[in-house]
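When the letters of the sequence shown are read in order and numbered with my numbering, they come out as residues 2 to 346.
For each residue, glycine too, the CB sits at the ideal point set by N, CA and C.
Please read all numbers here as calculations on a predicted model, not as lab measurements.
Below: one structure, written as structure tokens.
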Amino acid sequence: MQLRRLSDGLKAAYRGSNVVRRVQRFDGWTDRAFAEDSGAAGYDHTETVKEYYDLCSEFMIFGWGESLHFAPLSPRENLEDAKIRHQQLMIAKLELQEGMTVVDIGCGVGGPMRRVAREAGVRVTGVNSSEFQLEKAKSFDLEAGTGGIVDYIACSFMDMNAIEDAAFDRGYAIESTCHAPDKVGAFAEIYRVLKPGALFWGQEMCMTGRFDPDDSRHRAVKRELMRGIALKEIATTDEVDRALETAGFKVIEGMDLAVGENGPITPWYRPMETRRGTVGNALRRTPLGRKAFLAASMLAEKAGVFPKGSTEVVRLLDRTADAYIASGRTGIFTPLYCFLARKPL
């Protein structure tokens, strides 16, 4: 059933396009971005991020679920339960009250916003530049029965001119503003659409204090993360805080939730590394499972079950998973820097 759904989803996502060429072009985005920084014109990072999600979303949903984000893991806890617990932490931090309006910045396929809307009794509007992801989100809404309490706007969070000033009581961004080509610009636009006094919760991908820019291995891992996740730069936690403050926010708290306050926790990258120490985490996320799925996707592509070029997307995601694991083992990167900020009255 899952494979049939994946096959149908891939055919809808790629719509007969030359996927091999698209992956090759995506792979070269860093060269184009560097050329722009050197004076060449024409590179648009928003389009790179959109292409990343248009190419990869179906496989990401298959491997990771409808909530496409990391979460702090506790011993003997599965990834799905950890994500629910993490979303509930966000709901509590935002102090949501029934009837509030909330904006989800970079909503993906809507996993978190469906939980926020149902559990907090609020109306959530998701912003996303990927129209494919939005269509996928709407199909999940029909299945979940949340179609009447969530809305979507197709636009980049760098320019939300379809939304008026001070439109929302609360806002959150889960692993989305890390893609911003200009972090201050992204936070300033979010600041604009929030009401005075509104709380804003975010989860950022960041380099940690262990990153050594003089270490060639560290630099190589960082480059592979940037290339594979479509990150034009990876900020430090301090840089995120400064960008929030420059945009006008007051930072209330910021914490790397990959580091436990009360001793060791299960590493955030464990589901991609091994099934040991986890509960029910899918074999297909592990290195062995990913290699087996790569072989299976080659056969599915030859048989016409998957569109031509699908295997190249699987290779891209496999390389990125290896980069995640390498960055986690060395401690130079975290996808779990979580902050709470407020727009002043």
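Environment of residue i [buried if 16+ CB atoms lie within 10 Å]
i, result
"residue 264", "The predicted model places residue 264 with a pLDDT of 49, which falls under 50 and marks its position as unreliable; any figure quoted below should be read in that light. That one is exposed."
"residue 3", "exposed"
"residue 204", "buried"
"residue 88", "buried"
"residue 303", "exposed"
"residue 19", "exposed"
"residue 345", "exposed"
"residue 48", "exposed"
"residue 248", "buried"
"residue 231", "buried"
"residue 16", "exposed"
"residue 134", "buried"
"residue 11", "buried"
"residue 229", "buried"
"residue 187", "buried"
"residue 286", "buried"
"residue 129", "buried"
Option in the options with minimal Cα separation from residue i
i, options, result
"residue 226", "5, 207 and 286", "207"
"residue 102", "164, 33 and 177", "164"
"residue 157", "172, 144, 190 and 173", "190"
"residue 166", "128, 179, 175 and 192", "192"
"residue 68", "116, 95 and 290", "116"
"residue 142", "109, 162 and 170", "109"
"residue 233", "299, 310, 128 and 183", "183"
"residue 64", "197, 268, 301 and 272", "272"
"residue 329", "73, 200 and 248", "73"
"residue 22", "333, 311, 149 and 334", "311"
"residue 239", "257, 44, 229 and 224", "257"
"residue 100", "186, 170 and 25", "170"
"residue 218", "334, 134 and 91", "334"
"residue 370", "342, 336 and 300", "Residue 370 lies beyond the residue range present for the chain, which begins at 2 and ends at 346; the question has no answer from this structure."
"residue 85", "71, 98 and 77", "71"
"residue 28", "224, 293 and 327", "224"
"residue 137", "179, 57, 198 and 161", "57"
First through last residue of the alpha helix (DSSP H) which encompasses residue i
i, result
"residue 229", "217–230"
"residue 13", "3–15"
"residue 110", "Unbroken run through residue 110: none, as it is neither H nor E."
"residue 211", "Here residue 211 belongs to no alpha helix (DSSP H), and DSSP marks it neither H nor E."
"residue 159", "Premise fails: residue 159 is in no alpha helix (DSSP H) and is neither H nor E."
"residue 244", "238–248"
"residue 88", "80–94"
"residue 312", "311–331"
"residue 58", "46–65"
"residue 25", "20–28"
"residue 290", "288–303"
"residue 136", "132–145"
"residue 272", "271–274"
Beta-carbon proximity check, residue i vs residue j, cutoff 8 Å
i, j, result
"residue 340", "residue 260", "no"
"residue 55", "residue 140", "no"
"residue 59", "residue 14", "yes"
"residue 113", "residue 154", "no"
"residue 338", "residue 255", "yes"
"residue 46", "residue 36", "no"
"residue 168", "residue 147", "no"
"residue 106", "residue 173", "yes"
"residue 200", "residue 96", "yes"
"residue 295", "residue 314", "no"
"residue 127", "residue 111", "yes"
"residue 91", "residue 202", "yes"
"residue 331", "residue 75", "no"
"residue 159", "residue 181", "yes"
"residue 78", "residue 66", "no"
"residue 297", "residue 222", "no"
Endpoints, beta strand (DSSP E) assigned at residue i
i, result
"residue 204", "195–208"
"residue 254", "251–257"
"residue 126", "124–129"
"residue 173", "169–175"
"residue 153", "151–155"
"residue 336", "334–343"
"residue 104", "102–106"
8 Å Cβ cutoff, residue i in contact with chain C
i, result
"residue 94", "Of the protein chains in this structure there is only one, and it is not chain C."
Please confirm if the region 209–216 is in contact with the region 121–130, defined as three or more CB-CB distances below 8 Å between the two stretches. no
Would the region 306–326 and the region 242–249 be scored as touching if the rule is three or more Cβ pairs under 8 Å? no
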